[in-house]
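J.: Numbering (the UniProt record's numbering), first residue to last: 1 to 179.
1) Check whether the Cβ atoms of residue 66 and residue 51 sit closer than 7 Å, and answer yes or no.
2) Expressed to the nearest angstrom, what Euclidean distance is found between the alpha-carbon atoms of residue 103 and residue 115?
3) At which residues does the alpha helix (DSSP H) containing residue 166 begin and terminate?
4) Tell me whether residue 65 sits in a helix, a strand or coil according to DSSP, three-state version.
5) To the nearest angstrom, how far is it from the Cα of residue 58 to the Cα of residue 68?
6) Measuring CB to CB, does residue 76 end up less than 7 Å from residue 62?
7) What is the DSSP secondary structure of residue 180, reduced to helix, strand or coil?
8) Residue 52 by DSSP, collapsed to three states: which one?
9) Which of the three DSSP states is assigned to residue 58 in this structure?
10) Alpha carbon to alpha carbon, how far is residue 111 from residue 130?
11) Tell me which same chain residues have a C-beta within less than 8 Å of the C-beta of residue 99, skipping the five on either side of it?
12) If you reduce the DSSP assignment to three classes, tell me which class residue 84 lands in.
13) Excluding the five sequence neighbours on either side, which residues of its own chain have a C-beta within less than 7 Å of the C-beta of residue 135, listed in chain order?
14) If we ignore side chains and look at the alpha-carbon of each, how far apart do residue 127 and residue 113 end up?
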């Protein structure tokens, strides 16, 4: 039976690595800060980021979102352990200033040019529509003629092969040279 209270079960390979006193103190501070941070965070704030990162990681197959969340919480916990406030990241959209008259004229001119180009395109498409339809009809008719010619030539080939076969049965001394 496994004893889950035994410290050996919770040890990682790094636990067996000898650490200096300074490293041990830093690790203890980090752990205390982490526990302090975890206790200070509201569960919804803590789990929302990890839940979203977990879903993203599962969808994409990459661990980057989870690593980023873990790093974010580590940084926050260290800041709280040192008595600093939490980092708040705010993204603000850059403010759009008023357009100058020149910029407004440029936009109006570009819209007009776009309208004219669209109109010319539609006119060309309308004008060439019947031409394309006529060309399609001609190509279909040509294709039909060629398919009929192929059927006729195959039939002629089969008849000639049958005649040759019948002739070879009557006159076996003739040899056929191919290619």
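Just so it is clear, CB atoms sit at the ideal spot from N, CA and C, and this is done for glycine as well. This structure is a prediction, so every number in the text was calculated from the model and none was measured.
T.: A quick look at the data gives this:
1) Looking up residue 66 in the chain shown gives position 66. Looking up residue 51 in the chain shown gives position 51. Cβ distance not < 7 Å, so residue 66 and residue 51 don't count as in contact.
2) Here residue 103 corresponds to residue number 103 of the chain shown, with the count starting at 1. Here residue 115 corresponds to residue number 115 of the chain shown, with the count starting at 1. The straight-line gap from Cα to Cα measures roughly 18 Å.
3) Taking the first residue of the chain shown as position 1, residue 166 is located at position 166. Start and end: 101-170.
4) As a position in the chain shown, residue 65 is number 65, starting the count at 1. Helix, per DSSP.
5) Along the chain shown, read from residue 1 onward, the residue named residue 58 stands at position 58. Along the chain shown, read from residue 1 onward, the residue named residue 68 stands at position 68. Each residue's alpha carbon lies about 15 Å from the other.
6) In the chain shown, counting from the first residue as 1, residue 76 sits at position 76. In the chain shown, counting from the first residue as 1, residue 62 sits at position 62. For residue 76 and residue 62, no; Cβs fall outside 7 Å.
7) Nothing can be reported for residue 180, as the shown portion of the chain is limited to 1 through 179.
8) As a working mapping, residue 52 is identified with position 52 in the chain shown. Three-state DSSP puts residue 52 in a helix.
9) Indexing the chain shown from 1 puts residue 58 at position 58. In the structure shown, residue 58 sits in a helix (DSSP, three-state: H, G or I).
10) As a position in the chain shown, residue 111 is number 111, starting the count at 1. As a position in the chain shown, residue 130 is number 130, starting the count at 1. Rounded to whole angstroms, residue 111 to residue 130 spans 30 Å at the Cα level.
11) Within the chain shown, numbered from 1, the residue matching residue 99 stands at position 99. 107, listed in sequence order.
12) Walking along the chain shown from the start, residue 84 turns up at place 84. Coil.
13) Locating residue 135 in the chain shown gives position 135, where the first residue counts as 1. Within the same chain, residue 135 has no close Cβ partners at all.
14) Counting from one through the chain shown, the residue named residue 127 turns up at place 127. Counting from one through the chain shown, the residue named residue 113 turns up at place 113. When rounded, the distance between both Cα atoms is 21 Å.
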